[in-house]
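Sequence order for the protein chains is A and B.
Per the numbering used here: the first sequence = residues 1 to 210.
Per the numbering used here: the second sequence = residues 1001 to 1439.
The C-beta atom is built at its ideal place from N, Cα and C for all residues, glycine as well.
Worksheet for the structure shown next.
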Amino acid sequence: MSAGLVSPLVAEPAASCPPPYLTLDQARAAADQLLSPSGQGAPVDDALLLKIERFLRMEARLLDEEKFRAWYNLLAEDLFYWAPVRESRYRRDKRPEITYAGMTFFDDRKADIDTRLKRLETGMAWSEDPPTRHVYAITNVEAFETGVSGEYEVHSIFTQYRHRADYDASTLMGRRRDILRADGSSFLIAKRLILLQQSVLMAKNISVFF
Amino acid sequence: MTLDASSYIDLDKGWVDRRIFWEREIYDRELEQIFARCWLFVAHESQVEKPGDFAITSMGEDGVIVARGQDKKVRVFLNACPHRGNKVCFADSGTTRAFVCNYHGWAFGLDGALRGMPEQKLYEATPGFDMKDWGLKQARVETYKGLVFATFDDAAPTLGDYLGDFRWYLDAVLDVEEGGTEFLPGATRWVMNCNWKVAADNFAGDIYHALWTHLGGAKPTLDAYGGVKIDHENSYQVSVNGHGWEFGNNMIGNAATMGDRELLRYMKSRAETIAARLGDFRKNMWGSVSSATIFPNFSFLPGYFTFRTFQPKGPRQIEIMAWTLVPKNMPEDIKDRFRRGAMRTFSPAGILETDDGENWENCTATNAGVVTRKQKLYYGLNPKGGDVEDGLPGDITRGQVSDVNQRAFYRRWAELMDGRTWAEIPMAPSQMPVLEAAE
């Protein structure tokens, strides 16, 4: 396959009708899929892996450049976008560390991302003016078949450095588990689990996407 | 160190000296005079539901364990081994039979008592050593409708007297439904480089900032309701013993910022039941534009969602521990919508919280300048608000845009910082009968 990605930079802003809301059961099922034992499917072939890597690199560049609406258009209508809070637990603790019902940094559907972007678009999000400069590195990309045709389980690591005024800098690192869905010659992000390593977030906010 | 706190504030003139947000000496005195003496929120009972359950938190900079014993009693004790000082609990929460220090293996029960250690015979053969003398230091513990508070001061008044008539307002959060309340699982924790009072005084009485700070975050969710608006006639500030609560009385607002019409529908559907329980006035406090602080550092947005402590970590840093509180009997789907609403608004990535952190850090950091920190801050806003209906307890004024609660917060701060005994600190007598707990 050739990697003829449609450039999202020229894509239209989101449609005005709100995307569907996931029911509680659908959200739980999405969480379960992202938390279930991973890397079980067959690895995708090298050509597809390359295409997925190119997609993730492009996505990171859109976020670096604050092309948020272009990034938004990479999100599936039934998006489940989830960054649960971690907790330090004893190894003997048998409770699952992460459950759908717990605290999160993000537990968003596509409509929630739209709300977040609308905040930025008001021009009155003071904590982003002057803007944060950020840079993402996406590494350790692995991709597997899921059993659903055209959907791939994709693992990656992100490093996200940001700096604003004076000494206001922060680095966050973590793992992502995505379900990417083939969409023409590109992909849509259908589900994303963001696993930060910090149980106490060492920053005043998360004014960024992952 | 002696400190004449009145030289740092003049509430008649309406100013607060900026040095109280910066200087180490003042901060150290706060730990002694405020955090080691006041009743501090440590947990919701639902966090330690069953015998053996524990959760950790801080009282000032003292790390503590909150644990439910086999006798079902909730106790609070220092998370520090009396042998060499190491922690005895290393997890944020869990279930256990004992807390065992990693250093030499001293083991403590759920009641904090020393139960045993390796080579125990050597200790037993040591003249003068008695196991009973070396348990984990206990705090006094009392609860109010699910909220667990603790203090290390034996001379402190009872929790009931400390909260006073603030309890009458707290019922508008804690007693709206049969069955009481619970925290949803887990705590969100994050650090912010600001003085703890910057955050605590904001929640005690600063709705004013919402009209500017939160414009960006509020617009996408509140425009449908006419934008961020304050009803100066139908809103109040009330304070009791340094605790402050500013609120509209129209049952919309905070709830609407969560951007979920299902939640508003649900709250409206409960209005009659809540009114029957608490009366019309308090019914209208649930989910209105409002915020509150229980002195010194336990703050919440009334009616639902974020409850948090602003834990002091030095004069220029706090750790926020935040939970989501909901009525226990609420339908599961609605609980989930509240949880998601809280995450989307008031959490580190929330569309409202992100702008607060930015302000609070800069309000603190500017004090690095010696000229800057000798300046005063104006806390004098005091518009004439008109009479308040009879029968509302506490120091209550009409109009929620005012500095009156924040001045009351700093009055209590000064009384404690002066080193007065509890007997010398005025406590407002409780006027209102307290409803029996819902459970």
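Residue closest to residue i, alpha-carbon to alpha-carbon, out of the options
{"i": "I138 (chain A)", "options": "A:L48, A:D64, A:L24, A:Y21", "result": "A:D64"}
{"i": "Q1365 (chain B)", "options": "B:Y1236, B:M1192, B:S1299, B:V1404", "result": "Here the sequence assigns Ala to residue 1365 (chain B), which means Gln is not the residue at that position. Looking at the Cα atoms, B:M1192 is the closest of the given residues."}
{"i": "T1309 (chain B)", "options": "B:T1397, B:F1035, B:T1354, B:I1351", "result": "B:F1035"}
{"i": "Q1400 (chain B)", "options": "B:Q1047, B:G1052, B:E1361, B:H1232", "result": "B:H1232"}
{"i": "E53 (chain A)", "options": "A:I206, A:Q198, A:D168, A:L180", "result": "A:L180"}
{"i": "N1359 (chain B)", "options": "A:R95, A:S88, A:D129", "result": "A:D129"}
{"i": "R1398 (chain B)", "options": "B:D1223, B:G1386, B:M1131, B:S1347", "result": "B:G1386"}
{"i": "H1145 (chain B)", "options": "B:G1052, B:A1098, B:G1179, B:L1114", "result": "Looking at the sequence itself, residue 1145 (chain B) is Lys, so the reference to His does not match. When only C-alpha atoms are compared, the closest one is B:G1179."}
{"i": "T159 (chain A)", "options": "A:I98, A:L22, A:F209, A:R69", "result": "A:F209"}
{"i": "R1282 (chain B)", "options": "B:Y1169, B:G1112, B:L1163, B:K1072", "result": "B:Y1169"}
{"i": "H1214 (chain B)", "options": "A:S36, A:L50, A:M124", "result": "A:M124"}
{"i": "V85 (chain A)", "options": "A:L79, A:R91, A:I98", "result": "A:I98"}
{"i": "E1424 (chain B)", "options": "B:S1430, B:M1432, B:V1176, B:E1415", "result": "B:E1415"}
{"i": "E59 (chain A)", "options": "A:L74, A:D46, A:A47", "result": "A:L74"}
{"i": "F1090 (chain B)", "options": "B:W1106, B:I1065, B:E1182", "result": "B:I1065"}
{"i": "D1171 (chain B)", "options": "B:V1088, B:I1274, B:R1024", "result": "B:I1274"}
{"i": "F1041 (chain B)", "options": "B:A1113, B:L1114, B:H1243", "result": "B:H1243"}
is_contact[residue i, chain B] using C-beta, thresh 7 Å
{"i": "F106 (chain A)", "result": "yes"}
{"i": "L201 (chain A)", "result": "yes"}
{"i": "V85 (chain A)", "result": "yes"}
{"i": "S170 (chain A)", "result": "no"}
{"i": "A15 (chain A)", "result": "Annotation note: pLDDT 40 at A15 (chain A) (below 50); position unreliable, coordinate value reported separately. Cβ-Cβ to chain B under 7 Å: no for A15 (chain A)."}
{"i": "K204 (chain A)", "result": "yes"}
{"i": "A101 (chain A)", "result": "yes"}
{"i": "L24 (chain A)", "result": "yes"}
{"i": "D93 (chain A)", "result": "yes"}
{"i": "S38 (chain A)", "result": "no"}
{"i": "S207 (chain A)", "result": "yes"}
{"i": "L193 (chain A)", "result": "no"}
Contact list for residue i against chain E, beta-carbon separation under 7 Å
{"i": "S1347 (chain B)", "result": "No chain E appears in the structure shown, which is made up of the protein chains A and B."}
Residue-level contact to chain A via CB, residue i, 7 Å cutoff
{"i": "T1188 (chain B)", "result": "yes"}
{"i": "T1372 (chain B)", "result": "no"}
{"i": "M1258 (chain B)", "result": "no"}
{"i": "I1320 (chain B)", "result": "no"}
{"i": "M1432 (chain B)", "result": "no"}
{"i": "A1091 (chain B)", "result": "yes"}
{"i": "M1330 (chain B)", "result": "no"}
{"i": "R1308 (chain B)", "result": "no"}
{"i": "T1354 (chain B)", "result": "yes"}
Residue i to residue j span [Cα, whole Å]
{"i": "L5 (chain A)", "j": "S1235 (chain B)", "result": "Note on L5 (chain A): pLDDT 30, under 50, position unreliable in the model; no value is reported."}
{"i": "Y1379 (chain B)", "j": "R1373 (chain B)", "result": "16 Å"}
{"i": "A1438 (chain B)", "j": "L1278 (chain B)", "result": "Unreliable positioning characterises A1438 (chain B) in this predicted model, as indicated by a pLDDT of 46, which lies under 50. A coordinate reading is not provided."}
{"i": "V1173 (chain B)", "j": "R1189 (chain B)", "result": "23 Å"}
{"i": "D1010 (chain B)", "j": "R1407 (chain B)", "result": "9 Å"}
{"i": "D1133 (chain B)", "j": "N1079 (chain B)", "result": "16 Å"}
{"i": "D1336 (chain B)", "j": "D25 (chain A)", "result": "11 Å"}
{"i": "P1082 (chain B)", "j": "M1131 (chain B)", "result": "11 Å"}
{"i": "Y1162 (chain B)", "j": "Q1070 (chain B)", "result": "29 Å"}
{"i": "P1296 (chain B)", "j": "I1020 (chain B)", "result": "15 Å"}
{"i": "Q1047 (chain B)", "j": "V1238 (chain B)", "result": "29 Å"}
{"i": "V148 (chain A)", "j": "I157 (chain A)", "result": "24 Å"}
{"i": "P1220 (chain B)", "j": "K118 (chain A)", "result": "6 Å"}
{"i": "A83 (chain A)", "j": "F105 (chain A)", "result": "5 Å"}
{"i": "L1031 (chain B)", "j": "G1060 (chain B)", "result": "6 Å"}
{"i": "V993 (chain B)", "j": "V1404 (chain B)", "result": "Because chain B in this structure spans residues 1001 to 1439, residue 993 (chain B) falls outside the shown range and cannot be described."}
{"i": "Y1103 (chain B)", "j": "L196 (chain A)", "result": "30 Å"}
{"i": "L35 (chain A)", "j": "R176 (chain A)", "result": "11 Å"}
{"i": "F211 (chain A)", "j": "L48 (chain A)", "result": "The question about residue 211 (chain A) has no answer, for chain A in this structure spans 1 to 210."}
{"i": "A70 (chain A)", "j": "K110 (chain A)", "result": "13 Å"}
{"i": "R133 (chain A)", "j": "G1357 (chain B)", "result": "18 Å"}
{"i": "T1345 (chain B)", "j": "M1117 (chain B)", "result": "48 Å"}
{"i": "M1417 (chain B)", "j": "N1241 (chain B)", "result": "15 Å"}
To test your reading of the DSSP string, which unbroken beta strand (DSSP E) runs of 3 or more residues are found completely within the stretch 1243-1296 of chain B?
Entirely contained in the stretch 1243-1296 of chain B, the beta strand (DSSP E) runs reaching 3 residues are, in chain order, 1243-1248, 1290-1294.
Taking any Cβ of chain B, which residues in the stretch 111-127 of chain A have a Cβ under 9 Å from it, in chain order?
In summary, the residues of the stretch 111-127 of chain A whose CB is separated from some CB of chain B by less than 9 Å are A111, D112, D114, T115, R116, L117, K118, R119, L120, E121, T122, G123, M124, A125, W126, S127, in the order they occur in the chain.
Using a beta-carbon distance cut-off of less than 8 Å, what residues from the stretch 1026-1059 of chain B approach chain A?
Those would be none; no residue qualifies.
Starting from the N-terminal side, write out each stretch of the alpha helix (DSSP H) that is 4 residues or longer and does not extend beyond the stretch 1047-1130 of chain B.
Segments of the alpha helix (DSSP H) lying fully in the stretch 1047-1130 of chain B: 1120-1124.
At a Cβ cut of 8 Å, what residues of the stretch 1282-1304 of chain B count as close to chain A, listed as they run along the chain?
Residues: none.
Using a Cβ cut-off of 9 Å, which residues of the stretch 1177-1204 of chain B contact any Cβ in chain A, in chain order?
Listed by position, the residues of the stretch 1177-1204 of chain B near chain A (Cβ gap below 9 Å) are L1184, P1185, G1186, A1187, T1188, R1189, W1190, V1191, M1192, N1193, C1194.
Beta carbons nearer than 7 Å to chain B: which residues of the stretch 144-162 of chain A have them?
The residues in question: there are none.
Any residues in the stretch 1209-1220 of chain B with a beta carbon nearer than 8 Å to a beta carbon of chain A? Which ones, in chain order?
For the stretch 1209-1220 of chain B, the beta-carbon criterion of a distance under 8 Å to any beta-carbon of chain A is satisfied by T1213, L1215, G1216, G1217, K1219, P1220.
Within the stretch 36-118 of chain A, note down every full beta strand (DSSP E) run reaching 3 residues or more, in order along the chain.
Segments of the beta strand (DSSP E) lying fully in the stretch 36-118 of chain A: 75-84, 104-108.
Near-chain B residues of the stretch 61-89 of chain A (beta-carbon distance less than 7 Å), N- to C-terminal order:
So the list reads V85, E87, S88, R89, given in the order they occur along the chain.
Entirely within the stretch 1178-1244 of chain B and at least 4 residues each: give me those alpha helix (DSSP H) ranges in chain order.
Whole alpha helix (DSSP H) segments, 4+ residues: 1196-1205, 1215-1222.
Complete beta strand (DSSP E) runs within the stretch 1387-1425 of chain B (minimum length 3 residues, chain order)
Runs found: 1395-1398.
Positions along the stretch 1242-1268 of chain B whose CB lies within less than 8 Å of some CB in chain A:
For the stretch 1242-1268 of chain B, the residues whose beta carbon sits under 8 Å from a beta carbon of chain A are, in order, G1259.
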